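Colleague: I have a structure I would like to understand better, so I am pasting it below and will then ask my questions one at a time.
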Amino acid sequence: MRVIVPLQAVVQGRGGLVLGSLIPCALFYFLQFYLRRNRPSSPPPPHSSASGSNLPELASIHRSLSRSLLSPRGSYGPARLSSRGTAVARDDDNPYYVGLKRCADDPYNRSTNPQGFLLLGLAENRLSLDIIQDWLVKNWKESVLLDDEEGELSIQGLATYQPYDGSMDLKTAVAEFMGQVMQGSVSFNPSHVVLTAGATPAVETLSFCLADPGDAFLVPSPYYPGWDRDIKWRAGVELIPVPCRSTDNFSISIAALELAYNQVKKRGMKVRAVLVSNPSNPVGSLIDRETLCGLLDFVMEKNIHLISDEIFAGSTYGSDKFVSVAEVLDAESFDKSRVHIIYGLSKDLSVPGFRVGVIYSYNENVLAAASKLARFSSISAPTQRLLISMLSDRKFIAKYLTVNRARLHDMHALFVDGLKQLGIKCASSSGGFYCWADMSMFIRPYSEKGELKLWDNLLNVAKVNVTPGSSCHCIEPGWFRCCFTTLTEKDVPTVLERIQKITKSN
Amino acid sequence: MRVIVPLQAVVQGRGGLVLGSLIPCALFYFFQLYIRRDRPSSSASNLPDLAAMPRSLSRGLLSPRGASGPARLSSRGASVARDDDNPDYVGLKRCAEDPYHHSSNPHGLMQLGLAENWLSLDMIRDWLVSNVKEPLLLDEEGELSIHGLATYQPYDGLMDLKMAVAEFMGQVMQGSVSFHPSQIVLTAGATPAVETLSFCLADPGNAFLVPSPYYPGWDRDIKWRTGIELITVPCRSTDNFSISIAALELAYNQAKKRGVKVCAVLVSNPSNPVGNLIDRETLYDLLDFVMEKNIHLISDEVFAGSTYGNDRFVSVAEVLDSENFDRRRVHIIYGLSKDLCVPGFRVGVIYSYNENVLAAASKLARFSSISTPTQCLLISILSNTKFITEYLKVNKERLRDMHALFVDGLKQLGIKCARSGGGFYCWADMSKFIQSYNEKGELKLWDKLLNEAKINMTPGSSCHCIEPGWFRCCFTTLTKQDIPIVMERIHRITESN
């Protein structure tokens, strides 16, 4: 209008009136064409009217295999995917996934494939699989097949539809397991549990419940690379990294969160939640009580939610005690309805293949929505039965947790020492499956490009897959995430030797 | 502008210039304020001081909590949480609370609204008890391969299971077509299969054309999170609710006029709720239609193995095989919940000829992966081709008998059913028993049946049927002894109407 009105002032009278109305309309009309040029257009009119008049006759012609000769096929355009479908199909370049794929094709095996890829990029805990195996061999038949008093198979509870968000028995067993994992410092209520087929759909479902497309979560970085897919792909929620510094061991800073919150607000986006992992993936540090209180204050002040991914809660090995946000909520009078915990059995119970995730929320509206959305990611009934049995065997669980922790502790110490001898220091960590290793002295230049060069060397030359810090959105280049739980003691020297090959040459 | 320019013409000169610029700007400014009035503003500035004070349990006294507002859900989360009123779900819930049992709860609610097949569960049970002695997934030395069981597996299912499922699908279609394992994506049930496929084919605001009446679950599976609209294309009882291409054409053009982009046609075959099979001719027409409009075709064939009529089931895959249609626009939804009677196992299939769809869907499968122990169990069951053949045969016979019994029983009450060849339902015409021939009358009858006769049927309005009075009754959760009881209860209501 600021263009048109002066024009109008120049061109007086009725002619001006007409021009002043017509010119913007014409511009707008052509603008629409320009904007719409990318949309697939329907077949041009002459073509369709010609075929339109032919088709009724064709339909009445007796169908035969020679139909293909009568009307040309494939002339109407390719069968296109949605734009989001195409984006998902194409999404392949992240080093995190490239590395995983290469390892899957040629995995290391000490006896059969000693030159294969060493996988330090996938958080699987193989240290205590033998304990799980022994239990399964002894107990699985009874736990899956026999469940009522006469020792008969109750097929109704096994084959037929079950509640989408998990049977109450399993919820009870999982709530108890979570209590055991947190070493009795807090107890969990089964009615606040929604079970999903893995923590991946748990995070996605919770995101759907808390945020609308275009909203944002504040995420202290470095963070778990999987969230970029789990939360952005379908839920359409943006993740705003809030960088943490190596100078204070990558701890969460409320001031940085405040800054990020205000920046996002200026951009006109709505922040819906703060998303943290505790123990942290990839750093492995624990969030202390003070910081948890700070976080709770922050989310209360901003009227947003707090999502705490505590999936490694039972895999701690340091001297610090793990404090769940649930424990802090119990002790102080915070507003519980804005706190949600993500959990699962993939890490602490070493069974990622079983696909068991947990949304634990104090907010009944979230529980109502999430339990309905659980229809898209329900846990298989036989697995539910198996797990009810396993988790109810409290003696086994207590023994498993103790032994697993000890093995994690030992392997972690071994790995960190080994890296130290190569001159690589790790961030101080007390939980999880990773060492967060500082290899910045071996990268040239000191940037993401240099880091990716080193990652590439490690992957293709040394055949060791580690996750580069840039995949985790770490702003300081040169940090690498190395998972030590897929190794045995004998493998560690091999790994270190291969890494040394690369670091020596740099 | 059509308002401003004349104004401008009236108020000449520099004053007019200023006014002509200022007035619209002022209006726009106040308009923005009006629109943004609902957003919560940041809270008072006194909170930073509180953060510096040492923490103690008496903190509760220092700062009032709950003063910044309730912890809100997203708008989509809130609408999902609230979505409870559909009769379909009200009925299911009531039945779950007070289920009929012939000895322990003879006055309970009889569930004719949930498609579970209990007719052949005993066969599944027997197989499990006698065959699954050893732990799952033994390797060459006969040891439990815990690595294959407990560790991360491909999100879209083990290749062994894909092969077993592809073979099972071939058996179900009675050998008329063979399925390729590499075109399969496995999901935790057909429900996430439909949702995932929808994400791949359409963007928010796009639409699917769906011949109605259709499966009520799609309103949730497809609309909730994907934001895709379902456009109903009504079918008529006069031609047994068959799909009409002319009606599809009309609906397509209407959608186009509204500016809505149609991405696919979604059909179920055998149809839920009617139970009829789509004949070969109509399948050809559908394929022609989607080709002409450059859209996709989704065929939900989850009941393909549960046929009992005289007509042979023809899958869209069979038609594609025989003629050279563009396969990349055809996708099949399948699952083991109906044909293998194991809905609790949560096994669904997206079968697509389009490699881009497979690429996207296999990545999205991370959100709905099947548990590995279950996969191993199923590989075991499905590999036993002899058992599967026997099972499919016996199951079909039992379905046929129960269907005949139920339809006869209804006929004696004066209730006619649509002609059906597969599935678990009778599509019953109870229009003569509703007082006002509209949706309200139908829901009144449904309410009476649920609360007085204590029978849960799905009213046609939940299935988007435009003719009032049709009810969907599932007969596969009944035994022969239950049928007289069902009929008697229905009779009580129909008598009084």
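Those protein sequences? They're chains A and W, same order as listed.
So for the first sequence, full-length UniProt numbering puts the first residue at 1; every next one is plus one.
So for the second sequence, full-length UniProt numbering puts the first residue at 1; every next one is plus one.
Backbone N, C-alpha and C define an ideal beta-carbon position, used for all residues, glycine too.
Owing to the predicted nature of the structure, the values given are computational and were not obtained by experimental measurement.
1) Among the candidates E364/A, V366/A, I379/A, whose CA atom is the shortest distance from the CA of S369/W?
2) Starting from the beta carbon of N356/W, find every residue of chain A whose beta carbon is closer than 8 Å, and list them in chain order.
3) Give every residue of the same chain whose Cβ lies closer than 8 Å to the Cβ of R76/W, excluding the five residues on either side of it in the sequence, and list them in chain order.
4) Within 10 angstroms of its Cβ, does R82/W collect 16 or more other Cβ (buried), or is it exposed?
5) Please report the residue range of the beta strand (DSSP E) in which H412/A lies.
6) Please tell me whether L62/W has its Cβ less than 9 Å away from any Cβ of chain A.
7) Is V194/A near A216/A, with beta carbons less than 9 Å apart?
8) Do P373/W and D88/W have their beta-carbon atoms positioned less than 9 Å apart in this structure?
9) Skipping 5 residues on each side, what residues in its chain have a beta carbon closer than 6 Å to that of C200/W?
10) So the alpha helix (DSSP H) G85/A belongs to, where does it begin and stop?
11) Taking the alpha helix (DSSP H) that I379/W belongs to, which residues open and close that run?
12) When you check each C-beta in the stretch 175 to 206 of chain A against every C-beta of chain W, which residues fall closer than 7 Å?
13) Tell me whether G259/W is buried or exposed, calling it buried when 16 or more other Cβ atoms sit within 10 Å of its Cβ.
14) Just to confirm before moving on: does the CB-CB distance between L414/A and C482/A stay below 9 Å?
15) Pick helix, strand or coil for K480/W, following the three-state DSSP scheme.
16) So which residues of chain A does C200/W contact, with C-beta pairs closer than 7 Å?
17) State yes or no: is the beta carbon of T307/W nearer than 9 Å to at least one beta carbon in chain A?
18) So what does DSSP say about F471/W, is it helix, strand or coil?
19) Which complete beta strand (DSSP E) runs does the stretch 257 to 340 of chain W hold, if anything under 3 residues is left out?
20) Taking the alpha carbon of F480/A as the reference point, which residue from V416/A, K504/A, T494/A, P493/A has its own alpha carbon closest?
21) What residues in the stretch 103 to 125 of chain W bring their beta carbon closer than 8 Å to a beta carbon of chain A?
22) Any beta carbon from chain W within less than 9 Å of R253/A's own beta carbon?
23) Below 8 Å CB to CB, which residues in the same chain sit around L413/W once its five sequence neighbours on both sides are set aside?
24) Go ahead and label L158/A buried or exposed: buried means 16 or more other beta carbons lie within 10 angstroms of its beta carbon, across all protein chains shown.
25) Whose Cβ in chain A lies nearer than 9 Å to the Cβ of D203/W?
26) Inspect the beta-carbon positions of K321/A and Q183/A and report whether they are closer than 9 Å.
27) Is it true that the CB of R327/W sits closer than 9 Å to the CB of N294/W?
28) Run down chain A in chain order and give the residues with a C-beta less than 8 Å from the C-beta of E318/W.
29) Any chance the stretch 145 to 161 of chain W sits against the stretch 325 to 342 of chain W, with 3 or more Cβ pairs inside 8 Å?
30) So with Cβ pairs under 9 Å, would you call A367/W a contact of chain A?
31) Could you work out which residue in G91/W, Y152/W, A188/W, L22/W is closest to residue 582/W when comparing CA atoms only?
32) Can you list, in chain order, the residues of its chain whose CB lies under 6 Å from that of I350/W, leaving out five sequence neighbours each side?
33) Determine whether the Cβ of Y161/A lies closer than 9 Å to any Cβ atom of chain W.
34) Of the choices K453/A, E310/A, T316/A, P241/A, whose alpha-carbon is the least far from that of C474/A?
35) Let's test the definition: count the other Cβ atoms within 10 Å of the Cβ of M441/A and tell me whether it reaches 16, buried, or not, exposed.
36) DSSP three-state label for E238/A, please.
Modeller: Short version:
1) Closest in C-alpha terms to S369/W, from the list E364/A, V366/A, I379/A, comes I379/A.
2) Those are L81, G85, T86, A89, listed as they occur along chain A.
3) Closer than 8 Å at the Cβ level, and outside the excluded window around R76/W, lie W224, R225.
4) By the Cβ neighbour-count rule, R82/W is exposed, with fewer than 16 other Cβ atoms within 10 Å of its own.
5) H412/A -> not in any beta strand (DSSP E); alpha helix (DSSP H) instead, spanning 394 to 421.
6) Caution is warranted here: a pLDDT of 40 is assigned to L62/W, below 50, making its placement in the model unreliable, and no coordinate value can be reported.
7) No. Outside cutoff.
8) It is not a contact, given that the beta carbons lie outside the stated cut-off.
9) Excluding positions up to five away in sequence, the list reads V357, A360, A361.
10) For G85/A, the uninterrupted alpha helix (DSSP H) run begins and ends at 83 to 90, by DSSP.
11) Here the alpha helix (DSSP H) through I379/W covers 372 to 383.
12) Among the residues of the stretch 175 to 206 of chain A, those with a Cβ less than 7 Å away from any Cβ of chain W are A197, G198, T200, P201, E204, in the order of the chain.
13) With fewer than 16 Cβ atoms within 10 Å of its Cβ, G259/W is classed as exposed.
14) Taking 9 Å as the Cβ cut-off, L414/A and C482/A do not qualify as a contacting pair.
15) Note: K480/W maps to coil in three-state DSSP.
16) What C200/W touches in chain A: L81, S82, G85.
17) It does not: the Cβ of T307/W has no partner Cβ on chain A nearer than 9 Å.
18) The answer is strand: DSSP assigns F471/W an E or B state.
19) As far as the stretch 257 to 340 of chain W is concerned, its whole beta strand (DSSP E) runs of at least 3 residues are 262 to 268, 296 to 300, 330 to 335.
20) The residue with the shortest Cα to Cα distance from F480/A is V416/A.
21) Under the 8 Å Cβ criterion, the stretch 103 to 125 of chain W contributes L114, E116, W118, L121, D122, I124, R125.
22) The identity of residue 253/A in the sequence shown is Ser, whereas the question assumes Arg. Using beta-carbon distances, S253/A does not count as an interface residue toward chain W, since no partner is under 9 Å.
23) Excluding positions up to five away in sequence, the list reads M487, I490, H491, T494.
24) By the neighbour-count rule (16 or more Cβ atoms within 10 Å), L158/A is buried.
25) Within 9 Å Cβ-Cβ: S82, S83, R84, G85.
26) Taking the C-beta atoms as reference points, Q183/A is found nearer than 9 Å to K321/A.
27) In this structure, the beta-carbon distance from N294/W to R327/W does not fall below 9 Å.
28) Going along chain A, no residue has its Cβ under 8 Å from E318/W, so there is no contact; the nearest lies around 14 Å.
29) No, they do not touch.
30) It is Phe, not Ala, that sits at residue 367/W in the sequence shown. So yes, F367/W belongs to the interface.
31) This structure leaves residue 582/W out entirely; chain W is present only between 1 and 497.
32) V185, A193, L197, A361.
33) By this cut-off, Y161/A is an interface position.
34) For C474/A, the closest of K453/A, E310/A, T316/A, P241/A by C-alpha to C-alpha distance is P241/A.
35) It counts as exposed.
36) Strand.
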